[in-house]
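A.B. asks: Here you go, one structure.
Protein chains in written order, with this note's numbering: chain W, 1 to 332; chain G, 1 to 332.
Below you can see the structure in the form of structure tokens.
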């Protein structure tokens with residue numbers, strides 16, 4: 001763990017007081033070394049993912065620091081969930097705006113602590129620096145799977161069924177709600193949606209079901225259609241999605257009812273991003289059991305399409321194919 | 001590998017064209033998955049370190065992007081060098097300023113390629129996002145050591161000798177030179193110093209000697225005295241440094257000659273940071289062989305002090321102890 005002091009907050013002291021208590025495992029060496037050391041674990045693969053977040057881009061400048069910390073951990077845990085990996089630990093790089101104070105860091109550390117405890121991960125190391133720009137965070141998360149058991153994006157095969165967990169579009173609607181840009185939804189529903197944006201739920205409960213029965217999986221961060229396209233590209237297949245089947249929450253359904261064109265509105269939900277659900281494929285013979293196992297674990301899975309020969313993703317509504325390229329499925 | 005598009009550059013395309021060619025190992029899954037997967041390596045420990053860099057703070061806004069990329073890799077490799085670990089691979093998070101162009105990214109990727117090839121590391125994954133702030137980079141580096149062989153900061157024992165590699169103070173003088181703030185040094189010397197700041201040399205050649213004979217080691221990033229203090233704190237000992245013995249380069253020596261107070265000037269070099277040398281301790285009986293082995297590997301090691309009971313770091317010049325706390329050894 002290294003640090004760099006700047007006027008206002010002594011980063012060495014901030015690490016000692018705020019971060020060291022989060023680094024309980026022996027591998028972290030109490031954050032007092034240049035590096036962490038992770039012993040080999042024969043029979044297991046280490047699964048590693050890294051996500052970055054910038055204030056004003058990936059979260060709102062006014063978002064409470066504890067929620068920002070928890071969103072950062074959770075978006076990374078979502079990557080592990082999609083790979084059916086068991087969470088283990090993380091490295092944190094934080095560039096704090098010059099002049100940001102002790103209280104923000106304290107709340108940020110409290111958020112880390114809360115989700116560490118909830119999800120069973122521990123801080124292993126990192127770096128704290130200052131920046132003339134916005135708060136910029138990068139987290140590298142580590143997890144374990146039994147050797148060879150990681151679910152990849154590249155495992156989808158023609159004939160398989162496409163499923164998605166939870167509900168889709170809440171993250172995008174939640175961002176609009178948090179910005180006060182949403183109409184036709186009552187305040188309680190808007191608050192619920194904003195909560196989905198601010199504090200996603202990594203679908204770690206799906207691990208056993210995914211390991212047993214999934215072909216391919218990815219987490220829905222860029223948007224359902226974009227992440228389905230990642231599976232299609234990595235697997236060399238085509239995914240056909242029926243937006244009629246898209247699982248939506250009750251607040252999203254209310255929003256849908258106020259929209260003039262249902263197909264366009266569904267496409268917006270399916271391209272919005274920030275859902276942190278899991279899109280996956282499975283052999284059709286496994287689907288019923290997969291859904292039952294997921295339900296027993298507390299997560300709804302919904303069939304939304306199938307895998308065929310070809311490339312890319314198609315999305316249809318009431319039997320008609322939508323022009324999703326024109327719908328801008330890569331929007332940020 | 002995930003990405004987020006913004007006006008100007010398509011990050012998906014940038015990753016596909018610029019970064020995928022850097023991710024040659026099977027563990028990276030061609031950057032086409034949510035995560036990398038690293039098989040267990042029985043008999044070895046994985047050594048992991050993470051450093052962040054911000055434009056205008058850790059490098060100059062005008063520094064060429066390829067040199068920035070190489071400095072980023074090298075500062076992280078320096079952590080591995082201090083731990084006597086063999087470089088393996090890295091994860092990269094890059095937050096590019098909105099509006100930065102393709103050419104910058106291309107040069108940045110070219111810098112990564114150059115140092116990947118030189119040091120035998122490979123890109124394993126990461127994240128690319130946009131920021132309204134300055135270019136912000138975070139790299140997580142992975143290396144291997146035989147099980148239990150990592151050199152720690154906590155291994156220093158009373159009676160040991162303190163040594164440092166290369167020369168000290170060039171990084172700090174180099175920053176001044178790059179900013180045109182240095183006097184009493186000719187242009188060629190100033191350019192050499194600026195090069196030391198822009199492109200440090202990770203002392204990976206020391207690995208075998210460190211593994212065989214070092215008690216504790218740390219890389220000199222925060223400044224020799226601060227990093228010696230890290231060893232003292234982690235080991236529960238005191239390090240006594242003699243600034244008379246500080247190894248300095250010829251350009252730094254010329255600068256020293258122009259300074260009114262030698263002790264103050266030496267303290268400035270010893271607290272300046274950005275040297276990316278290695279400060280280490282070794283049993284006194286090992287010192288002669290350690291120096292010989294390092295020299296055979298092409299790296300000079302210099303005795304600069306000893307380890308005693310106590311805590312913290314002391315620095316003396318011509319037998320008189322300096323007040324390094326007042327000298328501000330934690331300056332940024």
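Backbone N, C-alpha and C fix where the C-beta goes; we use that ideal spot for every residue, glycine too.
With 16 as the cutoff for other CB atoms within 10 Å, does residue 264(G) come out buried or exposed?
C.D. replies: So residue 264(G) ends up on the exposed side.
A.B. asks: Measure the C-alpha to C-alpha separation of residue 177(G) and residue 214(W) and round it to an integer number of angstroms.
C.D. replies: Roughly 58 Å between the two C-alpha positions.
A.B. asks: Counting along the chain, where does the beta strand (DSSP E) carrying residue 138(W) start and finish?
C.D. replies: 136–146 is the span of the beta strand (DSSP E), which, as asked, contains residue 138(W).
A.B. asks: Taking Cβ to Cβ, would you say residue 229(W) is nearer than 8 Å to residue 313(W)?
C.D. replies: Closer than 8 Å, so yes.
A.B. asks: Among the candidates 284(W), 295(W) and 47(W), whose CA atom is the shortest distance from the CA of residue 308(W)?
C.D. replies: Residue 284(W) is the option with its Cα nearest to residue 308(W).
A.B. asks: Indicate whether at least one CB of chain W lies closer than 8 Å to the CB of residue 123(G).
C.D. replies: Output row for residue 123(G): interface = no.
A.B. asks: So the candidates are 279(W), 35(W) and 193(W); which of them puts its Cα closest to the Cα of residue 50(G)?
C.D. replies: For the residues 279(W), 35(W) and 193(W), the minimum Cα distance to residue 50(G) belongs to 35(W).
A.B. asks: Pull up the DSSP beta-bridge partners for residue 104(G), would you.
C.D. replies: Paired residues: none, contrary to the question.
A.B. asks: Looking at the unbroken alpha helix (DSSP H) that takes in residue 88(W), where does it start and where does it end?
C.D. replies: From DSSP, residue 88(W) is part of no alpha helix (DSSP H) but of the beta strand (DSSP E) over 86–97.
A.B. asks: For a cutoff of 8 Å on Cβ pairs, would you count residue 317(G) as touching chain W?
C.D. replies: Residue 317(G) does not count as touching chain W.
A.B. asks: Suppose only complete runs of 4+ residues qualify. What are the alpha helix (DSSP H) ranges in the segment 148–182 of chain W, listed by chain order?
C.D. replies: Correct list: 170–178.
A.B. asks: Let me see if you follow: with CB-CB separation under 8 Å, is residue 129(W) close to chain G or not?
C.D. replies: Answer yes: the Cβ-Cβ gap between residue 129(W) and chain G drops below 8 Å somewhere.
A.B. asks: How far does the beta strand (DSSP E) with residue 314(G) in it extend, from its first residue to its last?
C.D. replies: Per DSSP, residue 314(G) belongs to the beta strand (DSSP E) from 312–317.
A.B. asks: Can you tell which of 46(G), 62(G) and 249(G) has the C-alpha that lies nearest to the C-alpha of residue 198(G)?
C.D. replies: Nearest of 46(G), 62(G) and 249(G) to residue 198(G), Cα basis: 62(G).
A.B. asks: When you compare only the Cα positions, how much space is there between residue 151(W) and residue 38(G)?
C.D. replies: For residue 151(W) and residue 38(G), the distance between alpha carbons rounds to 14 Å.
A.B. asks: For the candidate residues 11(W), 231(W) and 268(W), whose alpha-carbon lies nearest to that of residue 170(W)?
C.D. replies: Closest option to residue 170(W), Cα to Cα, is 268(W).
A.B. asks: Quickly, what does DSSP pair residue 240(G) with across the bridge? List them, please.
C.D. replies: In the DSSP output, where bridge partners are listed per residue, residue 240(G) has 306(G) and 314(G).
A.B. asks: Return the chain-ordered list of same chain residues with a C-beta closer than 7 Å to the C-beta of residue 26(W), the five sequence neighbours on each side being excluded.
C.D. replies: Excluding sequence neighbours, residue 26(W) sits near nothing in its chain.
A.B. asks: For residue 236(G), which option in 174(G), 156(G), 134(G) and 262(G) has the closest C-alpha, if you only look at C-alpha atoms?
C.D. replies: It is 156(G).
A.B. asks: Among all the DSSP beta bridges, which residues are the ones paired with residue 54(W)?
C.D. replies: Answer is 136(W).
A.B. asks: Tell me which same chain residues have a C-beta within less than 6 Å of the C-beta of residue 207(G), skipping the five on either side of it?
C.D. replies: Excluding sequence neighbours, residue 207(G) sits near 84.
A.B. asks: Please decide whether residue 394(W) counts as near chain G, where near means a Cβ-Cβ distance under 8 Å.
C.D. replies: This structure does not reach residue 394(W), given that chain W is present from 1 up to 332, and the question cannot be answered.
A.B. asks: What does the alpha-carbon distance come out to for the pair residue 320(G) and residue 142(G)?
C.D. replies: If you take the alpha carbons of residue 320(G) and residue 142(G), they lie about 42 Å apart.
A.B. asks: For a cutoff of 8 Å on Cβ pairs, would you count residue 281(W) as touching chain G?
C.D. replies: For residue 281(W), the answer is no, since every Cβ of chain G falls outside 8 Å of its Cβ.
A.B. asks: In the structure shown, what three-state DSSP assignment does residue 121(W) receive?
C.D. replies: Correct three-state label for residue 121(W): coil.
A.B. asks: Just mark residue 249(W) as buried or exposed, buried being the case when its beta carbon has 16 or more other beta carbons within 10 Å.
C.D. replies: Classification for residue 249(W): buried.
A.B. asks: Note down, in chain order, every chain G residue with its Cβ under 7 Å from the Cβ of residue 41(W).
C.D. replies: In chain order: 40.
A.B. asks: Would you call residue 78(W) buried or exposed, if buried means 16 or more other Cβ atoms sit within 10 Å of its Cβ?
C.D. replies: Per the 10 Å Cβ criterion, buried.
A.B. asks: Who are the neighbours of residue 95(W) on chain G, taking C-beta pairs under 7 Å?
C.D. replies: Correct list: 52, 54 and 136.
A.B. asks: Within the 8 Å Cβ cut-off, does residue 140(G) reach chain W?
C.D. replies: Judged by the 8 Å Cβ criterion, residue 140(G) is in contact with chain W.
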